[in-house]
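Visitor:
Protein chains in written order, with the numbering used here: chain A, 88 to 343; chain B, 88 to 343.
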């Protein structure tokens with residue numbers, strides 16, 4: 088079994104060598120800028136680790152894993168735009184629109200989404216692409232709730248905005264590993280808890296969301312309970328899920 | 088065989104009844120606003136007419152036809168944004184961002200693209216979705232050339248910005264009608280000419296592009312030659328292509 092660090096190196100190498108569609112031409116510079124932003128690659132690593140736990144070669148899951156990262160990257164590029172969150176800085180450097188201009192950033196986000204689907208469609212079966220497109224729609228719906236303030240229920244908002252893509256990170260791997268639909272339930276329940284855990288810890292680190300709602304101790308307790316539930320779901324799966332268990336522990340304890 | 092008017096009625100009815108993914112929530116209002124803008128539905132009608140000429144029930148091609156219109160609609164919503172073409176009016180009414188705000192228009196465009204892929208993925212085979220995503224990437228690349236002025240070759244620019252989606256309108260129908268790849272060549276050559284014809288006539292009507300490059304008579308002559316080549320390609324196809332021939336004649340003669 089590969090460690091999360093080894094899986095992340097696989098992702099980085101695949102993304103660095105990724106051939107974008109030639110027709111995007113000069114737009115590729117802004118797309119690569121957005122992709123090379125120093126993200127932790129949590130979603131693709133989760134995807135590869137799930138694929139390996141479910142019996143597939145992680146290399147086989149690389150197009151799906153990269154597609155997940157491209158969708159995540161698309162969402163950040165558009166979220167940062169002046170009309171949305173108006174963030175000039177992302178991970179310590181200018182956000183894509185601040186570096187390449189608004190017009191290019193809008194098109195770069197569009198192209199990242201389309202490239203993601205192209206990667207997801209490189210599999211013989213449409214299942215990976217279906218999973219990804221459904222998650223993307225949920226994520227966009229969550230972003231809409233976020234900017235309109237129409238949703239007071241933090242859990243419902245995060246389930247869409249963050250949870251959908253985490254769930255898809257696991258689900259895409261299950262399709263790559265050809266896990267029958269009838270056996271996917273505990274895996275998917277695990278994925279839901281991981282997405283929630285990621286968001287709670289994000290809020291603790293950003294002093295936002297769940298931290299404001301529950302206070303520091305309350306949010307920490309919620310994170311720990313969620314991590315425990317994620318481990319319990321993993322224990323229901325008939326496979327070596329030790330690497331995934333380590334990822335959960337790491338996500339619960341992360342400090343950045 | 089259905090007339091183009093009958094096919095358009097099929098498209099309008101399908102789009103009006105189209106169930107959007109529930110997760111997009113209140114974003115659906117801006118998406119429907121963008122879709123209901125009174126467009127001529129040229130691409131979906133071309134798709135349905137091709138499907139019927141190739142031996143399929145046009146109803147079977149409706150998800151693909153609608154997906155093409157959603158991609159077209161997504162591109163208009165984003166192109167109209169202040170950072171891009173800054174158009175406040177589209178077809179005689181406020182453009183999507185002017186009516187719903189920039190932030191919502193960015194997300195609505197994103198969601199229209201994702202919904203288009205969801206529709207294209209409703210087929211058992213991924214071929215329709217692959218065709219659509221490739222065309223979308225070409226179209227975005229064309230839009231990038233357009234805003235950066237990096238391309239002085241009008242034909243190359245239009246082949247990407249307009250041609251790709253016209254070609255996909257025919258190609259998606261071929262996959263729905265299960266036309267073997269080896270028999271698709273004349274159909275695809277026809278599609279390329281139709282896309283070019285559409286763009287030349289657009290430029291004549293808008294007093295833009297080819298009209299500026301070649302003058303009124305030169306652009307008209309180019310349109311007529313292109314229409315003739317489109318008809319010649321159709322004649323190479325072993326099928327009843329009379330409705331498609333009528334669509335070409337109509338596109339060449341259109342005045343709006």
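Even for Gly, the Cβ is constructed at its ideal location relative to N, Cα and C.
Step through the CB atoms of chain A and report whether any lies within less than 9 Å of the CB of residue 323 (chain B).
Guide: The residue you call residue 323 (chain B) lines up with position 236 of the second chain. No, its Cβ sits nowhere closer than 9 Å to a Cβ of chain A.
Visitor: Under 7 Å Cβ-Cβ, which residues of chain B neighbour residue 220 (chain A)?
Guide: Walking along the first chain from the start, residue 220 (chain A) turns up at place 133. Within chain B, the residues near residue 220 (chain A) are 201, 204, 205, 208.
Visitor: Between the stretch 119 to 136 of chain A and the stretch 244 to 251 of chain A, are three or more C-beta pairs nearer than 8 Å?
Guide: no
Visitor: Could you tell me if residue 311 (chain B) is buried or exposed, where buried requires 16 or more neighbouring beta carbons within 10 angstroms of its beta carbon?
Guide: By one-based count along the second chain, residue 311 (chain B) stands at place 224. Exposed, because fewer than 16 other Cβ atoms sit within 10 Å of the Cβ of residue 311 (chain B).
Visitor: Residue 201 (chain B) to residue 341 (chain A), Cα distance in whole Å?
Guide: To locate residue 201 (chain B), count along the second chain from 1; it is residue 114. To locate residue 341 (chain A), count along the first chain from 1; it is residue 254. Taking the straight line from one Cα to the other gives about 32 Å.
Visitor: Tell me which same chain residues have a C-beta within less than 7 Å of the C-beta of residue 234 (chain A), skipping the five on either side of it?
Guide: What you label residue 234 (chain A) is simply residue 147 of the first chain in a count that begins at 1. Within the same chain, residue 234 (chain A) has close Cβ partners 171.
Visitor: Taking residue 222 (chain B) as the reference, give the member of B:284, B:157, B:91, B:236 with the closest Cα.
Guide: Residue mapping note: residue 222 (chain B) aligns to position 135 of the second chain, counting from 1. It is B:157.
Visitor: Residues of chain B with CB under 7 Å from residue 112 (chain A), in chain order?
Guide: Locating residue 112 (chain A) in the first chain gives position 25, counting from the first residue. Chain B residues near residue 112 (chain A): 228, 231, 232.
Visitor: Would you say residue 189 (chain A) lies against chain B (beta-carbon separation less than 9 Å)?
Guide: Walking along the first chain from the start, residue 189 (chain A) turns up at place 102. Judged by the 9 Å Cβ criterion, residue 189 (chain A) is in contact with chain B.
Visitor: Per the contact definition of three or more C-beta pairs closer than 8 Å, is the stretch 258 to 276 of chain B in contact with the stretch 213 to 231 of chain A?
Guide: no
Visitor: Pull up the distance between the alpha-carbon of residue 143 (chain A) and that of residue 154 (chain A), whole angstroms please.
Guide: Locating residue 143 (chain A) in the first chain gives position 56, where the first residue counts as 1. Locating residue 154 (chain A) in the first chain gives position 67, where the first residue counts as 1. About 18 Å.
Visitor: Tell me, please, whether the stretch 270 to 285 of chain A touches the stretch 303 to 322 of chain A by the rule of three or more beta-carbon pairs shorter than 8 Å.
Guide: yes
Visitor: Kindly indicate if chain B contains any beta-carbon less than 9 Å away from that of residue 277 (chain A).
Guide: For the purposes of this step, residue 277 (chain A) is identified with residue 190 of the first chain, where counting begins at 1. Cβ-Cβ to chain B under 9 Å: no for residue 277 (chain A).
Visitor: Which runs of the alpha helix (DSSP H) spanning at least 4 residues fall entirely within the stretch 181 to 237 of chain A, listed in chain order?
Guide: 183 to 187, 189 to 207, 214 to 235
Visitor: Nearest by alpha-carbon distance to residue 286 (chain A): which of A:212, A:270, A:306, A:271 is it?
Guide: Position 199 of the first chain, counted from the first residue, corresponds to residue 286 (chain A). For the residues A:212, A:270, A:306, A:271, the minimum Cα distance to residue 286 (chain A) belongs to A:306.
Visitor: Would residue 334 (chain B) pass as an interface residue toward chain A - the criterion being a Cβ-Cβ separation below 9 Å?
Guide: By one-based count along the second chain, residue 334 (chain B) stands at place 247. By this cut-off, residue 334 (chain B) is not an interface position.
Visitor: Going by DSSP, what residue range makes up the alpha helix (DSSP H) through residue 346 (chain A)?
Guide: For chain A, the structure presents residues 88 to 343; residue 346 (chain A) sits outside this window and is missing.
Visitor: Buried or exposed, going by whether 16 or more other CB atoms sit within 10 Å of the CB of residue 179 (chain A)?
Guide: In the first chain, counting from the first residue as 1, residue 179 (chain A) sits at position 92. Burial call: exposed.
Visitor: Note down, in chain order, every chain A residue with its Cβ under 9 Å from the Cβ of residue 225 (chain B).
Guide: Residue numbering aside, residue 225 (chain B) sits at position 138 when the second chain is read from its first letter. Neighbours of residue 225 (chain B) on chain A, chain order: 108, 110, 111.
Visitor: Would you list, in sequence order, the uninterrupted beta strand (DSSP E) runs of no fewer than 3 residues that lie entirely inside the stretch 157 to 182 of chain B?
Guide: none
Visitor: For a cutoff of 9 Å on Cβ pairs, would you count residue 211 (chain A) as touching chain B?
Guide: Looking up residue 211 (chain A) in the first chain gives position 124. Output row for residue 211 (chain A): interface = yes.
Visitor: Distance, Cα to Cα, residue 313 (chain B) vs residue 109 (chain A)?
Guide: The count along the second chain starts at 1 and reaches residue 313 (chain B) at position 226. The count along the first chain starts at 1 and reaches residue 109 (chain A) at position 22. If you take the alpha carbons of residue 313 (chain B) and residue 109 (chain A), they lie about 27 Å apart.
Visitor: In angstroms, rounded to a whole number, what distance separates the CA positions of residue 127 (chain A) and residue 129 (chain B)?
Guide: To locate residue 127 (chain A), count along the first chain from 1; it is residue 40. To locate residue 129 (chain B), count along the second chain from 1; it is residue 42. Rounded to the nearest angstrom, the two C-alpha atoms are 44 Å apart.
Visitor: Expressed to the nearest angstrom, what Euclidean distance is found between the alpha-carbon atoms of residue 250 (chain A) and residue 271 (chain A)?
Guide: Locating residue 250 (chain A) in the first chain gives position 163, counting from the first residue. Locating residue 271 (chain A) in the first chain gives position 184, counting from the first residue. If you take the alpha carbons of residue 250 (chain A) and residue 271 (chain A), they lie about 17 Å apart.
Visitor: Does residue 108 (chain B) come out as helix, strand or coil in the three-state DSSP assignment?
Guide: By 1-based counting over the second chain, the position of residue 108 (chain B) is 21. Here residue 108 (chain B) sits in coil by DSSP.
Visitor: For residue 113 (chain B), is the classification buried or exposed, using 16 other Cβ atoms within 10 angstroms of its Cβ as the cut-off for buried?
Guide: What you label residue 113 (chain B) is simply residue 26 of the second chain in a count that begins at 1. So residue 113 (chain B) counts as exposed.
Visitor: Is residue 141 (chain B) helix, strand or coil when you go by DSSP?
Guide: The residue given as residue 141 (chain B) occupies position 54 in the second chain. Looking at residue 141 (chain B) - three-state DSSP - the assignment turns out to be coil, as it is neither helix nor strand.
Visitor: Note down, in chain order, each residue of its chain lying with its Cβ closer than 6 Å to the Cβ of residue 196 (chain A), except the 5 sequence neighbours on either side.
Guide: Here residue 196 (chain A) refers to the residue found at position 109 when the first chain is read from its first residue. Taken in chain order, the residues that qualify are 161, 164, 165.
Visitor: Taking a cut of 7 Å between CB atoms, which residues from the stretch 143 to 176 of chain B lie near chain A?
Guide: 165, 168, 170, 171
Visitor: Taking Cβ positions only, does residue 247 (chain A) come closer than 9 Å to chain B?
Guide: Here the question's residue 247 (chain A) lines up with position 160 in the first chain. Yes - at least one Cβ of chain B is within 9 Å of the one on residue 247 (chain A).
Visitor: Are the C-beta atoms of residue 141 (chain B) and some chain A residue less than 9 Å apart?
Guide: By 1-based counting over the second chain, the position of residue 141 (chain B) is 54. No, residue 141 (chain B) does not count as interfacial toward chain A.
Visitor: Would you say residue 194 (chain A) faces chain B, with C-beta separation under 9 Å as the test?
Guide: Against the first chain, residue 194 (chain A) aligns to sequence position 107. Output row for residue 194 (chain A): interface = yes.
Visitor: Chain A beta carbons: is any one of them nearer than 9 Å to that of residue 311 (chain B)?
Guide: On the second chain, residue 311 (chain B) is found 224 positions in, with the first residue counted as 1. No - not a single Cβ of chain A is within 9 Å of the one on residue 311 (chain B).
Visitor: Whose Cβ in chain B lies nearer than 8 Å to the Cβ of residue 217 (chain A)?
Guide: Taking the first residue of the first chain as position 1, residue 217 (chain A) is located at position 130. Simply 205, 208.
Visitor: Within its chain, find whatever has a CB closer than 8 Å to the CB of residue 204 (chain A); leave out the 5 residues flanking it on each side and keep chain order.
Guide: Mapped onto the first chain, residue 204 (chain A) falls at position 117. Closer than 8 Å at the Cβ level, and outside the excluded window around residue 204 (chain A), lie 154, 216, 219, 220.
Visitor: For residue 198 (chain B), decide whether its Cβ has a neighbour in chain A, counting only Cβ atoms nearer than 9 Å.
Guide: Residue 198 (chain B) sits at position 111 when you count from the first residue of the second chain. With 9 Å as the cut-off, residue 198 (chain B) counts as an interface residue toward chain A.
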